[in-house]
Amino acid sequence: MRYSQLLIPTVKEVPAEAEIASHRLMIRAGFIRKLASGTYSYLPLGWRSMRKIIEIVRAEMNAAGAQEIIMPIVQPVELWRQTGRDEVYQEIWGQFTDHHGRENVLAPTAEEVVTALVAGEISSYRQLPLNLYQIQTKFRDEFRPQYGVIRSREFLMKDAYSFDVDAAGLDESYRKMYAAYRRIFARCGLEYVVVEAESGGMGGTDTEEFMVPCGVGDTIVATADGSYAANIDRAEVDPPPKADAGAEPGPPEEVHTPGFGSIEAVCNFLGTEPREMIKTLVYSADGKPAVALVRGDHESNEAKLTRAVGAERLALAEPEMIEKVTGAGVGFAGPMGLAGKVHKLIIDRAVAAMAVGVAGANKTDYHVRNVVPGRDFPLAGENVLLADVRNAVEGDTHGGKPLKFSSGVEVGHVFKLGPKYSKVLGANFLDESGAEKPCLMGCYGIGINRILAMAIETGHDEHGCILPVSIAPFEVIVLILNSDNPAVVAAAERIHDELAAAGVDVLLDDREARAGVKFNDADLIGIPLRVTVGARGLKQGNVEIKRRADAKPTAVPTADAVAETRKVLSQMKERL
Ligand code: ATP
Ligand code: MG
456 MRYSQLLIPT
466 VKEVPAEAEI
476 ASHRLMIRAG
486 FIRKLASGTY
496 SYLPLGWRSM
506 RKIIEIVRAE
516 MNAAGAQEII
526 MPIVQPVELW
536 RQTGRDEVYQ
546 EIWGQFTDHH
556 GRENVLAPTA
566 EEVVTALVAG
576 EISSYRQLPL
586 NLYQIQTKFR
596 DEFRPQYGVI
606 RSREFLMKDA
616 YSFDVDAAGL
626 DESYRKMYAA
636 YRRIFARCGL
646 EYVVVEAESG
656 GMGGTDTEEF
666 MVPCGVGDTI
676 VATADGSYAA
686 NIDRAEVDPP
696 PKADAGAEPG
706 PPEEVHTPGF
716 GSIEAVCNFL
726 GTEPREMIKT
736 LVYSADGKPA
746 VALVRGDHES
756 NEAKLTRAVG
766 AERLALAEPE
776 MIEKVTGAGV
786 GFAGPMGLAG
796 KVHKLIIDRA
806 VAAMAVGVAG
816 ANKTDYHVRN
826 VVPGRDFPLA
836 GENVLLADVR
846 NAVEGDTHGG
856 KPLKFSSGVE
866 VGHVFKLGPK
876 YSKVLGANFL
886 DESGAEKPCL
896 MGCYGIGINR
906 ILAMAIETGH
916 DEHGCILPVS
926 IAPFEVIVLI
936 LNSDNPAVVA
946 AAERIHDELA
956 AAGVDVLLDD
966 REARAGVKFN
976 DADLIGIPLR
986 VTVGARGLKQ
996 GNVEIKRRAD
1006 AKPTAVPTAD
1016 AVAETRKVLS
1026 QMKERL
C-alpha cells in the first residue's frame, strides 16, 4: 500500500482537551477525528488497527465456542421497563420517539434484547449451553466524555451473553470467557490486572474487570504480590485492632458547636483530629432511612453500603429525611439513640474499633465528646450491622498484606448474571425431568476502542506510538529516503512488493517529502518495523532495518532485506 494514496493526516497541534498521551497521539497520527463531544470518526490507519483488534477478539470468541450474531442498535424502551433497568440506565440513554410514537433507546448494552431473543428460540436443555456475541456500536450519553475514545459516547463493544442450565454450566462458560479474555489482551500486547468488581445495577454475583494500569482512570487496590486485586467498591480491608482507651472515658459530654456542621469545621473548632470523629451519614435505602457510621477520616462507599443493607437503590437522604430521623439540622447527626429509629444502623468496622470518639448530638449546633462505641450506641442488635462500608485507604491491609493503590482503565468485564434477566423475560427451558427453569446467564464485554487507546497509552515515546505488531495499522513501513533517485525507488518498491506477496502488511512511504518528515511520520504512526532505503546505503549494498522501539537501525545487505524483515517480524509475533 502506498502512503501517498492513503489519508494519513498527521498533525502537530492537538486540542487542549486532549489530556493524555493516547488521546493526543491518536489525533496527531491521523487515527481519529472528533465529530462532536464523545464521538469520533476513524480514519484509515485507526480503522485498520481497530479491524485487527476486532479480528483477534472474533477469533478468540469463536475458539471459545461463542457464536457471532448482530442485534439492532435501536431498542424498544418497553423491554427495559420489564426488567426495571430503565430507572438506572435513563441517565445515560440516547432516547427518541419514532414517527409512530414508540419510545426507543440507542443500545447502551444488550442484556434485555439478547434475553428476549433467546426466550423465543430456546425451549429445551438440549439447546444449551449457548453463548452469543456481537461486535456492535453502543451509545451512552456519558456525562463527561474523557480521554478521547476511552470514554466516548459512541463506541464499539464486543458483548457476549452465555445461557446455561445450571450453576456448574455457568461457571464453565464464565471460565471459558475469562480464558479467552486473557488470550485477547495478551495478543493485543496489553499488560493487565484482573480485579474483583462490584455488580452494581447489573444484578448477579461474581464479576471481574480486566484493567490496564496507566496512571489515569479508576482506582485499583491490590496487595504488592498481586495475590489480591479489587476495585475501590469491592476492596475488602482488614478491621483495625480495637483501640485501647487507657482509662475508662468519662460520660458523654455535649459541646456547643454553633454552625460547625462539617468534620473539618468541628475539628478546627474543637481541636480534634478527623480520625477521632464518628461521621454519621443518613441514607435512603429503597426509601427507608439507613444510617452509616464511618470514621471522620474515612469515606463511606455506597456500593459496599448497598450490598451490606441488601438494598436495590441507596442514596444520601434528602435534608427532610435527615431532620426527621435525627431531630436536628444537617451536619449534627450522631449515633446515640438512633438505632431504634432507623431501618438499619450500619457501623463500619473501623468505628467499632475506636475506643472513644466525637459525634453529632442529634441536636442542631451541638456535638458530643466521649462517645464510646458499644457503650453509648449498640454494636449489635436486630437492625444493627457491623460491616466494611468505607473506601480502602493507604495504610490498610487485606489478609495482613498492605494495600497499594494505582489507577487503570477497564478494557473488559466478565459477569455472572444468574437468572435475573431470564426470569423476567422468559428465557426458560425444560430440564431432563420436564421441569421449566430459567437459564443462568453470564455477560462479557470488551471495549474495542479502549484496547487501541490503551495500547498507545502504555506504548509510546516522545516521538509517537509504539504499537504491538498484532494491532499496528501496518506491520512494516518501507521508507524511500531519496524519492528522486530511481535506483532507490526501484529497490524500495521491490522490497515492498515482495513483502506484500509474502503476506506482510506493508506500507511504502513513496511521498515526495524530506527524509526528516518521513522519519517523523513513521515514528508517529507507530509501525513496529521500518526498512529504510537510501542512496548512500544502497551504494554500499545495504538497507537499514529498525524496530520502532529500538534506538538504532541495523544495516542489512539489500539482497537479504526481505528475509531479514520477515525474520524480525516473526520474532515480534512470537512474543504476543
Ligand atoms: P466504565 O466503568 O469505564 O464506565 P462500564 O463498567 O460502564 O465502564 P461495561 O458496561 O462493563 O462498562 O461495558 C463493557 C466494556 O465496554 C468496558 O469494559 C469498556 O471496555 C467498554 N466501555 C464502556 N463504556 C465505554 C465508553 N464510554 N467508551 C468506550 N468504551 C466503553
Ligand atoms: Mg464494567
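Per the working numbering, residue 456 is the first one in the sequence shown, and the count goes up by one each step. Backbone N, C-alpha and C define an ideal beta-carbon position, used for all residues, glycine too.
- Here the alpha carbon of K856 sits roughly 47 Å from the alpha carbon of A574.
- When DSSP states are grouped into helix, strand and coil, V466 belongs to the coil group.
- When beta bridges are read from the DSSP output, Y497 appears opposite I487.
- Per the DSSP secondary-structure output, A814 pairs in a beta bridge with V823.
- In chain order, I950, E953, L954, A957 place their CB closer than 8 Å to the CB of V1017, counting only its own chain and leaving out the 5 sequence neighbours on each side.
- In chain order, L500, R503, S504 place their CB closer than 6 Å to the CB of P928, counting only its own chain and leaving out the 5 sequence neighbours on each side.
- Counting C-beta pairs with one atom in each stretch, the region 840–860 and the region 756–763 have three or more that are closer than 8 Å, which means they touch.
- For M909, the secondary structure class from DSSP, reduced to helix, strand or coil, is helix.
- If you ignore the 5 residues before and after D851, its C-beta comes within less than 6 Å of the C-beta of V692, L858, all in its own chain and listed in chain order.
- Beta-bridge annotation (DSSP): P744 is paired with S739.
- Within the same chain, and ignoring the five residues on either side of E917 in sequence, no residue has its Cβ closer than 7 Å to its Cβ.
- For M526, no pairing in a beta bridge is given by DSSP.
- Taken in chain order, the complete alpha helix (DSSP H) segments of 4 residues or longer contained in the region 647–734 are 718–725.
- Inter-residue distance for R762 and D699 is about 31 Å (C-alpha atoms, whole angstroms).
- Rounded to whole angstroms, the separation of the alpha carbons of I511 and M896 is 24 Å.
- Taken from the Cβ of E664, at least one heavy atom of the ligand MG lies inside 7 Å.
- Assignment of D626 by DSSP, reduced to helix, strand and coil, places it in the helix class.
- K892 and D541 have their alpha carbons spaced roughly 25 Å apart.
- Residue environment: P923 is assigned as buried (16 or more neighbouring CB atoms within 10 Å of its CB, all protein chains considered).
- When DSSP states are grouped into helix, strand and coil, R479 belongs to the helix group.
- By the neighbour-count criterion, in which 16 or more other beta carbons inside 10 Å mark a residue as buried, A518 falls on the exposed side.
- Non-local beta-carbon contacts of G681 in its own chain, meaning distances under 8 Å to residues more than five positions away in sequence, involve V648 in chain order.
- Counting along the chain, T538 sits inside the alpha helix (DSSP H) bounded by residues 532–538.
- Collapsing the DSSP output to three states places S938 in coil.
- Under the DSSP definition of a beta bridge, G897 partners with S617, K871.
- Here L587 is not near Q537, since their CB atoms are 8 Å or more apart.
- The DSSP-derived three-state label of D886 is coil.
- For R985, the enclosing beta strand (DSSP E) begins and ends at 984–988.
- Under the three-state reduction of DSSP output, I511 falls in the helix class.
- Contact between T552 and E558 holds: CB atoms are separated by about 5 Å, below the 8 Å threshold.
- Secondary-structure assignment with DSSP links Y602 through no beta bridge to anything.
- At least one heavy atom of the ligand MG lies closer than 7 Å to the C-beta of E865.
- For a cut-off of 8 Å, the C-beta gap from R985 to S459 is around 17 Å, too long to register as a contact.
- Per DSSP, the continuous beta strand (DSSP E) segment holding D803 begins and ends at 799–803.
- Relative to the ligand ATP, even the nearest heavy atom lies 7 Å or more away from the CB of N937.
- At a Cβ-Cβ threshold of 8 Å, S496 and R506 do not count as neighbours.
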